[in-house]
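Residue numbers (this note's numbering): 74 to 859. All remarks here apply to the structure that follows.
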């Protein structure tokens, strides 16, 4: 029986070639989209979840009840890990994790290389499932002067992991450094790890580096815990709620746990509660994939039911010969399964060729591994698509009554017509929503790129300087300023593309002692205000002309507003127990994503620490200037600098949105194409089924325009209805997305009007091609064939 059904399916495919081609192309595009997005979703859901104990590893988060509202961080005091392990029997392992250190210089006998990584406890290696090539992971970081290297870094420094083990390395960052022994080499962190450290050094040394900064009011470390099996998280959160308050007088901070595996996807908090994060994009693109697949399936449903009259006699004969409803249903379901199988095979071929482009857009290394899990996923996609596409046409066709068929009394029902129209409206409604989404995302990205950030990003270089001794910083700055193509140069300890160092240690006369206010601490060198081109609203910048400047501060406008100073210049504030004079106010500038409001911040003069050297160069002869800057570093330090332009660094804040914008463009085009493909097929079938009517009308004098209107009117009406339905939905979703930004573009009326007109125009062209073909045909041929 199955063989019979397969032969009938192939015969019908060859008989109705155009319908088969449209359905095959539509389902292929839909399945290609679903497979690509499924690979991306699977990868996103796998991040940080590949460790053996991932269900018991937790990150300690902290809620800070500030005057401006609740703020949630993943940072804790540096002493938190050891204190929690000692205080709570539920904690099996605990590790501090330093901020991700960049620019730490390792020097072996053969190489000097800047690298990036963490300071962690030995417990870190015990709780995570990282593979060591050489060395014992259970003892690798037990000594304070121990280091574990990644395979890549070991190869670069020593030639191989085996050569690295037991060797000594010198390292330096700022004015910190020592000699360490390589106690292990681990495999490079993989695609499912967010951070990919090239080294892991002993956390106790990091505590030594912090010195007096390792107190309970300073949040500079992440704390990771491995809890014992059976620990009730809600109960444990209640136990630790006052842990920091008990150790820091006047603290307003409440710690709680988040599963480490969830930190990647669920990183957005409001008022201390998780409200989403990257998971929102996972749901969004999963929904887009499903809708695109449904659009392709709707084409199959509409075209199959639309040509039902053409297959009516076949069904009537079968039923007269004793075929059951179940048998007829099975026949059409086999057609659906076979067509979907062909489409799936073509989709897999398309995925193979599109994979490099998709990986480039998503910045991932995605691909089909053909393992059992992925084969099961593909089988599920095949089965689900076949069911969605085939069940309605199969039920509809299998219920034809043979008596009506034989009497040629079979007509399309009102319900069938309404269902088909509803499906077309749904298709184009989804397409309209995607067009609106593409336009709004593009408009917001353009707004971000052209927003005045409060300083001039153009021709501004950022050079990491953590590995440069503080004694060399001013010498390098002097040499850079003397370089012909350099306009100005300075240094600071802040990336200016995100929060880096916040403090609650700033107080002033009249401040409520029970209120804790966080200020961003930006330590700078002479000339930084001028180099960055920050706009001074009042006062003056730091300058050697005024003598000692370490007891002076410059505030931003947000800080002045928070403090409540009417005339800030000359006022005294207290920072960490020391009186400081306010000498200037800069206009608010953005040092976070535009999703965030500008936070209170202050500039403090201290040239001893420099995370970045900032160099403003002239627009002319930039390549020559970059070469001369490199020569300065080579002459003074014997190494090449890592050069990047500030506007490029700023754009890294929006990598996620930029990828979403590109993917939305692609998938929006796919949805529109699929909708128009189905419309094209329906228009062709309509023109064919009304061929005789059109011939009669032309003989009776109907004009070309009247015939075009006859065929296109109903289709354009359906598209118009879908546009009207989609506009309020599109406004709601677009407005909800824009509300995630503190600074946002406007939702102009032309976005919706233009999107609707574009969709109507595309639809008119699609239907018009078939309508013109039918309207311009010789009526003699259509009437003669009847």
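We put the beta carbon where it would ideally sit given N, CA and C, even for glycine.
- With fewer than 16 other CB atoms across the displayed protein chains lying within 10 angstroms of its CB, residue 819 is exposed.
- In the DSSP annotation of this structure, the continuous segment of the alpha helix (DSSP H) that includes residue 552 starts and ends at 543 to 554.
- Here residue 115 is exposed: its Cβ has fewer than 16 other Cβ atoms, across all protein chains shown, within 10 Å.
- As DSSP reads the structure, residue 257 sits in a beta bridge with 208, 221.
- Looking at 620, 621, 602, the one whose alpha-carbon comes closest to that of residue 613 is 602.
- In the structure shown, residue 245 adopts extended strand secondary structure according to DSSP, grouped into three states.
- Of the residues 247, 201, 183, the one whose Cα lies closest to the Cα of residue 227 is 183.
- In this structure, the alpha-carbon of residue 844 lies about 17 angstroms from that of residue 748.
- If only complete runs of 3 or more residues are kept, the stretch 627 to 677 shows the beta strand (DSSP E) at 645 to 648, 651 to 659, in order along the chain.
- Segment contact: the stretch 134 to 149 against the stretch 576 to 593, three or more CB-CB distances shorter than 8 angstroms; contact assigned.
- Taken through DSSP and simplified to helix, strand or coil, residue 275 comes out as strand.
- Excluding residues up to 5 positions away in sequence, 767, 770, 771, 844, 847, 848 lie with their Cβ nearer than 8 angstroms to the Cβ of residue 780 in the same chain.
- Taking the CA atoms as reference points, residue 532 sits about 6 angstroms from residue 690.
- For residue 569, the CB contacts under 7 angstroms within the same chain, skipping 5 residues up- and downstream, are 664 in chain order.
- Using a Cβ distance threshold of 8 angstroms, residue 95 and residue 410 do not count as a contacting pair.
- In the DSSP assignment, residue 328 falls within the beta strand (DSSP E) that extends over 326 to 332.
- Residue 811 and residue 439 have their C-alpha atoms roughly 30 angstroms apart.
- Closest option to residue 250, judged by alpha-carbon separation, among 268, 258, 233, 274: 274.
- An exposed status is given to residue 617, since fewer than 16 other beta-carbon atoms sit within 10 Å of its beta-carbon.
- Proximity to residue 132 across 186, 334, 498 peaks at 334, based on C-alpha coordinates.
- Shortest Cα-Cα distance from residue 702 to any of 312, 269, 555 involves 555.
- Three or more Cβ pairs closer than 8 angstroms define a contact, and the stretch 151 to 167 falls short of that threshold against the stretch 208 to 218.
- Rounded to whole angstroms, the separation of the alpha carbons of residue 578 and residue 666 is 25 angstroms.
- When rounded, the separation of the alpha-carbon atoms in residue 321 and residue 646 is 22 angstroms.
- Note that the C-beta distance between residue 97 and residue 416 is below 8 angstroms.
- Here DSSP, grouped into helix, strand and coil, assigns residue 131 to strand.
- Residue pairing by DSSP puts residue 137 in a beta bridge opposite 144, 326.
- Every alpha helix (DSSP H) stretch that sits fully inside the stretch 821 to 853 and reaches 4 residues is listed by chain position as 822 to 848.
- In the three-state DSSP reduction, residue 344 falls in the coil class, being neither helix nor strand.
- With respect to the 8 angstroms criterion, residue 782 and residue 508 are not classified as neighbours on the basis of their beta carbons.
- The Cβ atoms of residue 270 and residue 191 lie closer than 8 angstroms to each other.
- DSSP lists 654 as the beta-bridge partner residues of residue 625.
- The residue among 414, 704, 402 with its C-alpha nearest the C-alpha of residue 557 is 704.
- For residue 198, the enclosing alpha helix (DSSP H) has its first and last residue at 195 to 200.
- Between residue 548 and the set 562, 796, 422, the nearest pair of CA atoms involves 562.
- Under the 10 Å beta carbon count, residue 399 is surrounded by fewer than 16 other beta carbons and is classified as exposed.
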